Amino acid sequence: MIYRMPRFDYLAPGSVEEAVSLLSQYGEKAKVLAGGTDLLVSLKHRKVGPGYLIGLSGLAGLEYIRQDSHALRIGALTTHQSIAGSELVKGNYGLLATACGKVGSPQIRNMGTIGGNLCNAGPSADSAPPLLVLDARLKLVSTRGQREVPLKGFFTGPFQTILERDELLTEIIVPSLSPRTGGSYQFLNKTTAVDETLVGVAALVVMGDHPKLVEDIRIALCSVAPAPMRVSRAESVLTGREATSGAIEEAAAAVANETLPRSRTDYRRKMSAVLTRRAIREALAEATV
Amino acid sequence: MKQKIKLTVNSEIYELEIEPHWTLLEVLREKLFLTGTKKGCDCGDCGACTVLVDGTAKLSCLMLAVEAQGKNILTIEGLANGKELHPLQQAFIDKGAVQCGFCTPGMIMSAKALLDKNPAPTEKEVKAGVSGNLCRCTGYIKIIDAVLAACENKRS
């Protein structure tokens, strides 16, 4: 296929202040351009036709991965490849590195940003389940000020979020993990050009005093519902319980029941359970090291 | 509205007038006549349009030409040193890794990005390195052999 994009004017703000000022000025007529791996495809398919593109490539200050005493902070323009290759993320937040390391292809990972991935809000967004179980928060900036919102509740439907028309996502904040925490991201792929995720499961466990006692467990999935989701009913199956094989199986079955797949329903439900079991086991292993 | 831009491609500086909605791929092929970079799917799935941007493999079909300013763009045309082929190019020929040749420039650019970061990759790492480049002809085996052979050539 050969595509000609619809015409637009290209605006190049040099700062976040300038960017949100432009967003507020142009409103519905403008779209924000980060890595371009989602937006330009939409433009080529003529799904959107903004008169203005606000290019963020000049905002180098939004590319960072930093750890302070409270949290891991990731700039919204940080590429998937930067996150996947970061020793800091691989060491302490391995599930996020795994997820970002399987997005698209090497070239797409070099271009696509974590902020763009979240704001595009695709149901199969790999970065979402790990960030959901990590209880990530998002910093949203506009000319009206800034707010911090939990990622849980950010997605409202396929490609829909609570982001206001004039807001820019600038930072992803991941609270520091307590000791005896382990995580995992497990996935299966569709057979597509860039191996889109068929089912993705992230699990995070926090162990209690006794060897197998699960103090806290969080599970999130992508590609099994209109948006990436936490499965709170399934989580309560293992919370405060000993992680026996039976308990893990129960939790896995509960996860499958909570999913809402739109297509390949039976297979996705079955695989949700399989991947949940694997994710919990891997998370437990990491937590008890 | 047309915009004047300056692009650095294969160490040469080009001054052009372009429209903001033109992709880097379109500008490379239609304005600079560097047709080695191919337009396959034109939507980020096939990798035929892969170029190196400051040493990093990217899809030129998903890059706006205006955003390629201030970067060093390397295309397949920039690999050979006069008549002397780059070890990757020679290896692709020697190993029979070229059939129709359409995927080849993109494959070589992805392979170059890999070898520049990891000069002695395993077979698994080579496969991962070109996993964003589709080939309809060869079945990939000779392409992987060629990339591995190029490492040998580079070392000796």
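One line per chain: the protein sequences are L and U, in this order. Numbered according to our numbering, the first sequence spans residues 1 to 289. Numbered according to our numbering, the second sequence spans residues 1001 to 1156. Quick reminder that beta carbons are idealized off the backbone N, C-alpha and C, glycines included. Keep in mind the model is a prediction, meaning the values are calculated, not measured.
As computed with DSSP, Leu-168 (chain L) is found in a beta bridge with L:Val-141. In this structure Tyr-52 (chain L) is buried. Its beta-carbon is surrounded by 16 or more other beta-carbon atoms within 10 angstroms. Runs of the alpha helix (DSSP H) lying entirely within the segment 1076-1143 of chain U, each at least 4 residues long, are 1087-1094, 1104-1117 and 1123-1129 in chain order. Inter-residue distance for Ser-142 (chain L) and His-80 (chain L) is about 25 angstroms (C-alpha atoms, whole angstroms). For Cys-222 (chain L), the CB contacts under 7 angstroms within the same chain, skipping 5 residues up- and downstream, are Pro-123, Ser-124, Ala-125, Asp-126, Ala-128, Pro-129, Thr-197, Gly-200 and Pro-228 in chain order. Counting the other CB atoms within 10 Å of its CB gives Gly-1070 (chain U) a total below 16, which places it among the exposed residues.
Look at Gln-1069 (chain U) here: in three-state DSSP terms it is coil, with no helix or strand label. Counting only the Cα atoms, Thr-1122 (chain U) lies some 21 angstroms from Ile-1093 (chain U). With a threshold of 7 angstroms between beta carbons, Ala-1065 (chain U) makes no contact with chain L.
At a cut-off of 7 angstroms, the C-beta of Pro-1121 (chain U) has no neighbouring C-beta in chain L.
A straight-line Cα-Cα distance of about 6 angstroms links Ala-279 (chain L) and Ala-202 (chain L). For Leu-88 (chain L), the enclosing alpha helix (DSSP H) starts and ends at 87-92. Nearest Cα to Arg-165 (chain L) within the set L:Cys-119, L:Gly-208, L:Pro-158 and L:Pro-179: L:Cys-119.
The Cβ-Cβ distance between Glu-1012 (chain U) and Lys-1004 (chain U) does not fall below 7 angstroms. Taking a beta-carbon distance threshold of 7 angstroms, Gly-1096 (chain U) does not count as an interface residue toward chain L.
Residue pairing of Arg-218 (chain L) in beta bridges, as defined by DSSP: L:Leu-204.
DSSP assignment within the segment 236-279 of chain L yields the following whole alpha helix (DSSP H) runs of 4 residues or more, N-terminal first: 245-258.
Residues of chain U whose Cβ lies closer than 8 angstroms to the Cβ of Lys-44 (chain L) are, in chain order, Asp-1042 and Cys-1043. Listed along chain U is no residue with a C-beta nearer than 7 angstroms to that of Ala-287 (chain L); the closest approach is about 28 angstroms. Along the segment 144-164 of chain L, there is no position whose C-beta sits under 8 angstroms from a C-beta of chain U.
Taking Gly-55 (chain L) as reference, the option from L:Ala-12, L:Ile-74, L:Thr-78 and L:Leu-260 with the minimal CA-CA separation is L:Ala-12. With 16 or more other Cβ atoms from the protein chains shown falling within 10 Å of its own Cβ, Leu-132 (chain L) counts as buried. Contact check for Glu-1067 (chain U) against Leu-1034 (chain U) fails: the beta carbons are separated by 7 angstroms or more. In the structure shown, Ala-71 (chain L) falls within a strand segment according to DSSP collapsed to helix, strand and coil. Beta-bridge annotation (DSSP): Ala-1057 (chain U) is paired with U:Leu-1052. In the displayed model, Pro-123 (chain L) falls within coil according to three-state DSSP, outside both helix and strand. By the Cβ test, the segment 74-89 of chain L is in contact with the segment 109-118 of chain L, since at least three Cβ pairs between them sit closer than 8 angstroms. Considering only beta carbons, the part of the segment 1131-1149 of chain U lying closer than 7 angstroms to chain L consists of Ser-1131, Gly-1132 and Leu-1134, in chain order.
The beta carbon of Pro-1105 (chain U) does not come within 7 angstroms of any beta carbon belonging to chain L, so the residue lies off that interface.
Closest in alpha carbon position to Glu-242 (chain L), among L:Arg-262, L:Ala-99 and L:Val-206, is L:Val-206. At a cut-off of 7 angstroms between C-beta atoms, Leu-1059 (chain U) counts as an interface residue with respect to chain L.
Here Leu-213 (chain L) is exposed. Its C-beta has fewer than 16 other C-beta atoms within 10 Å. Within chain U, no residue has its beta carbon less than 9 angstroms from that of Gly-240 (chain L); the closest one is some 41 angstroms off. A straight line joining the alpha-carbon of Thr-1075 (chain U) with that of Met-1109 (chain U) spans about 7 angstroms. Rounded to the nearest angstrom, the gap between the Cα atoms of Ser-82 (chain L) and Asn-110 (chain L) is 8 angstroms. With 16 or more other CB atoms across the displayed protein chains lying within 10 angstroms of its CB, Asn-1133 (chain U) is buried.
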